[in-house]
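Each residue of the sequence shown is one higher than the one before, starting from 51 at the first, in the working numbering. The beta carbon of each residue, even a glycine, is placed where N, CA and C say it ideally should be. Nothing here was measured: the structure is a model prediction, and the numbers come from that model. Structure first, commentary second.
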Amino acid sequence: MKSKKELDKIIASIGDLPSIPKVVAQVMELTEKPGVPVSEVSALIEQDMGLTAKLLKVSNSSYYGMRQVIGTLKLALVILGIKEVRNIVVGISVMDTLKDPSTSFLLNEEGLWDHSASVASFSKKLGVQLELDLQGEDFIAGLLHDIGKLVLWKQMPDEYEEIYHAAKEQEVPLFQLEQQELGFDHADIAAALAASWSLPDSLTDALSCHHPHDDRTMADCANPQLCAVVRIANLAAREDFQLDGADPESYASCTEEVAWGQLPSAGLETSQQRFDLLKQFADEMVGAQQFAY
Ligand SMILES: [Fe+2]
Ligand SMILES: [Fe+2]
């Protein structure tokens with residue numbers, strides 16, 4: 051984990067980060083008050099009709115995995131609870147802030163939006179399956195895990211695009227080339243942005259350690275289980291679970307012991323068991339309506 055000082059240095063080197071969306075700050079502040087009434091939270095979110103519509107779209111998509119249709123914001127608050135709705139609102143708003151014409155190529159043509167949606171879904175399904183009670187942080191940490199790429203794409207387009215394409219050409223992980231060329235990677239930027247917006251430490255840490263790294267100790271994170279599901283989800287989203295005769299041992303998502311070691315292991319001790327579960331999630335996503343908006 052990089053220290054606050056190190057993150058500040060990174061921010062200084064890439065220029066000002068985007069500012070926090072007003073609604074995120076307001077929703078975070080309101081929902082942190084103990085015993086805040088549902089009606090007050092609902093009134094605040096409802097002021098933004100677009101946001102309300104997106105919230106319902108996300109929570110009703112099979113990517114989110116609810117078995118019940120959620121038709122109104124009030125019902126969402128009752129069924130999911132204030133914290134989970136808060137988390138979805140924060141996730142959508144952060145994504146909206148970074149989703150603009152300058153990042154459209156990365157999100158659409160390069161498939162970052164689809165990837166982020168898949169990671170969100172794998173992460174949420176794993177959290178629910180293992181009864182981790184992550185209250186939607188699993189989903190939004192998955193959705194936001196690669197926002198550092200969007201920030202870099204916006205802040206240093208020429209330099210970053212060169213690194214991005216070089217990583218593809220050389221077939222090396224992007225974060226490795228970022229570290230080599232910049233001294234930090236998109237996970238650091240995501241964490242810096244989350245920290246500068248005062249998002250919860252659990253979320254900041256999950257963004258920070260979503261790649262297997264030597265120097266980031268998952269056990270030291272605010273919520274190691276959240277970090278673990280996001281890391282596994284990120285690997286799973288890139289793997290093809292529909293391959294005939296697939297060998298689970300060759301799937302990084304099934305063999306990432308550091309992450310699996312943070313999770314309840316019952317029934318998931320072997321790569322085959324992990325593979326079967328992740329394949330079930332992948333099957334649920336095939337042909338499912340995504341929550342693109
Ligand atoms: Fe990443
Ligand atoms: Fe990713």
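Assign glutamine 275 to one of two classes, buried (16 or more other C-beta atoms within 10 Å of its C-beta) or exposed (fewer than that).
buried
Alpha carbons only, please: which of Leu125, Lys133, Ala170 is nearest the one belonging to methionine 347?
Outside the shown range of the chain, which is 51 to 343, sits residue 347, and nothing can be said about it.
Through-space distance from serine 315 to aspartate 333, alpha-carbon basis:
22 Å
Assign phenylalanine 325 to one of two classes, buried (16 or more other C-beta atoms within 10 Å of its C-beta) or exposed (fewer than that).
buried
Can you have a look at serine 111 and say buried or exposed, based on whether 16 or more other CB atoms are within 10 angstroms of its CB?
buried
Within a Cβ cutoff of 7 Å, which residues of the same chain sit near glutamate 90, ignoring the five residues on either side of it in sequence?
Leu80
So does phenylalanine 49 have its beta carbon nearer than 7 Å to some heavy atom of ligand 1?
Any property of residue 49 remains undetermined from this structure, which presents the chain solely from 51 to 343.
Proline 274 lies in the alpha helix (DSSP H); which residues open and close that run?
274-286
To the nearest angstrom, how far is it from the Cα of alanine 75 to the Cα of proline 68?
14 Å
Restricting to runs no shorter than 4 residues, where is the alpha helix (DSSP H) found entirely within the segment 160-222?
162-179, 187-194, 197-205, 207-220
Near aspartate 98, which residues of its chain fall below 8 Å by C-beta distance, leaving aside the five closest residues on each side in sequence?
Val73
N-terminal and C-terminal residue of the alpha helix (DSSP H) that threonine 254 is part of
251-258
I'd like the span of the alpha helix (DSSP H) that includes histidine 263, first residue to last.
First-last for histidine 263: undefined, no H or E at that position.
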